[in-house]
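Have a look at the structure below before the remarks.
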Amino acid sequence: MARWEYTHGLKDIGNGLYAWLQPDGGWGWSNAGLIVDGDQSLLVDTLFDMHLTRDMLDAMADASGVRAEAIGTIVNTHANGDHCHGNGCCPHAEIIASDASAKEMAEVPPAMLAQFKKMGGQLGPAGTYFADIFGPFDFDAVEERLPTQTFTGRMDLTIGDKTVELIEVGPAHTGGDVIVHVPQDRTVFTGDILFIDGTPLMWAGPVKNWINACEKIIGMDADVIVPGHGPITDKAGVQRVADYLAYIDAEARKRYDAGLGVREAALDIALGDYANWGDAERIAVNVDSLYREYRGDGQVTPVMDLFALMAETRDAMRA
237 MARWEYTHGL KDIGNGLYAW LQPDGGWGWS NAGLIVDGDQ SLLVDTLFDM
287 HLTRDMLDAM ADASGVRAEA IGTIVNTHAN GDHCHGNGCC PHAEIIASDA
337 SAKEMAEVPP AMLAQFKKMG GQLGPAGTYF ADIFGPFDFD AVEERLPTQT
387 FTGRMDLTIG DKTVELIEVG PAHTGGDVIV HVPQDRTVFT GDILFIDGTP
437 LMWAGPVKNW INACEKIIGM DADVIVPGHG PITDKAGVQR VADYLAYIDA
487 EARKRYDAGL GVREAALDIA LGDYANWGDA ERIAVNVDSL YREYRGDGQV
537 TPVMDLFALM AETRDAMRA
């Protein structure tokens, strides 16, 4: 889809809607959105640190006339810090998230990420990998603001004369993913239900929920689809994400049934065309989550073990 060039910065979608894009869309380089009508505004997600978020808000203010302190509402599509660590830049905004996302945010504060990043190689290959991918971001200066209002299922808001639908589609990428639909403008902001030209990362699952979320987006009357990472896309882009998830599910299941462990399966699955997507080593986390689903035991692998496995997988792919 070429209507909006995939370059860093603000894209005017039209009719008071904006998208903020951060190529290349890899670890931490997330997208956000702004909805403005009359004297009301809603920000869809903030960024991974305060510096990045302030730069985004300054650009949004120049384009829309809405300054950070005047933004009335923030919707955090999920709990990952690259979509909520900038909340403190809008001190007066109501912050809305799903109930599940609010609980996850409290479990992984910015200080924890800052500590992991500082320790780096002291934590072995996992720490080195973590410090490498998150090197550009400042977790020390985050003034955290957690959600002030939560919901489950669905919540409809009115921004000026626009109806904005918040639809919970998680657990999928995380425990409480939400998409933001603006029906009169035929636009949807998907959060990390969509990684376009980057590898989806399934922290939570189940995979069927994520595929169902993609199908829900495809079924919407939407022309403009703003992903959590990557370029603005269309329904064909959504289908490619669903196809990846279905493929990985089928391939992982074969190896689970054959008795392979997570590590062996992740290294064994041929990615084909998907190998060109960014951060392909995330297949390690995806296989781990799928195996948890197949076992049905709910046993969650420690996060640093998953980063170690991604580091090993990345090295193997580069060899």
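Residue numbers for the sequence shown follow our numbering, so the first one is 237 and each next one is one higher. Note that the Cβ used here is the ideal one computed from N, Cα and C, for glycine as well.
Along the alpha helix (DSSP H) that carries residue i, what are the first and last residues, could you check?
i	result
residue 290	286 to 300
residue 243	Run containing residue 243: none; DSSP gives neither H nor E here.
residue 349	346 to 355
residue 485	471 to 493
residue 367	361 to 369
residue 506	Run containing residue 506: none; DSSP gives neither H nor E here.
residue 256	Not the alpha helix (DSSP H): residue 256 falls in the beta strand (DSSP E), residues 253 to 257.
residue 551	539 to 554
residue 443	443 to 454
Less than 8 Å between C-beta atoms, sequence neighbours within five positions excluded: which residues of the same chain meet that for residue i?
i	result
residue 399	392, 393, 418, 419 and 420
residue 356	363, 364, 366 and 367
residue 345	380
residue 374	285, 286 and 287
residue 407	336, 413, 440, 441, 442 and 445
residue 453	415, 424, 426, 429, 430, 461, 471 and 474
residue 243	257 and 259
residue 534	528
residue 459	422, 423 and 470
residue 536	528
residue 338	315, 382, 383, 386 and 412
What do you get for residue i, buried or exposed, if any count of 16 or more other CB atoms within 10 angstroms of its CB means buried?
i	result
residue 388	exposed
residue 371	exposed
residue 436	buried
residue 555	exposed
residue 247	buried
residue 568	This structure leaves residue 568 out entirely; the chain is present only between 237 and 555.
residue 524	buried
residue 340	buried
residue 553	exposed
residue 354	exposed
residue 531	exposed
residue 301	exposed
Taking 7 Å as the threshold (C-beta atoms), are residue j and residue i in contact?
i	j	result
residue 269	residue 336	no
residue 514	residue 262	yes
residue 331	residue 384	yes
residue 265	residue 276	no
residue 511	residue 545	no
residue 314	residue 410	yes
residue 501	residue 507	no
residue 333	residue 282	no
residue 273	residue 252	yes
residue 432	residue 469	yes
residue 342	residue 376	no
residue 278	residue 309	yes
residue 327	residue 547	no
residue 378	residue 321	yes
Taking 6 Å as the limit between beta carbons, can you name the residues of its chain near residue i, skipping five residues before and five after?
i	result
residue 425	269, 280, 416 and 462
residue 318	264, 266 and 284
residue 484	522
residue 240	247 and 468
Taking the beta strand (DSSP E) that residue i belongs to, which residues open and close that run?
i	result
residue 415	414 to 418
residue 523	Run containing residue 523: none in the beta strand (DSSP E); it sits in the alpha helix (DSSP H), 519 to 531.
residue 423	423 to 425
residue 334	330 to 334
residue 392	390 to 395
residue 269	268 to 273
residue 460	460 to 462
residue 387	385 to 387
residue 279	276 to 280
residue 403	398 to 404
Which residues in the same chain have their Cβ closer than 7 Å to the Cβ of residue i, if we skip the five residues on either side of it in sequence?
i	result
residue 482	447
residue 293	304 and 325
residue 299	246, 248 and 254
Assess, as a yes-or-no matter, whether the region 281 to 298 is touched by the region 479 to 493 under the definition of 3 or more beta carbon pairs within less than 8 Å. no
At least three beta-carbon pairs within less than 8 Å, the region 491 to 506 to the region 463 to 480: no
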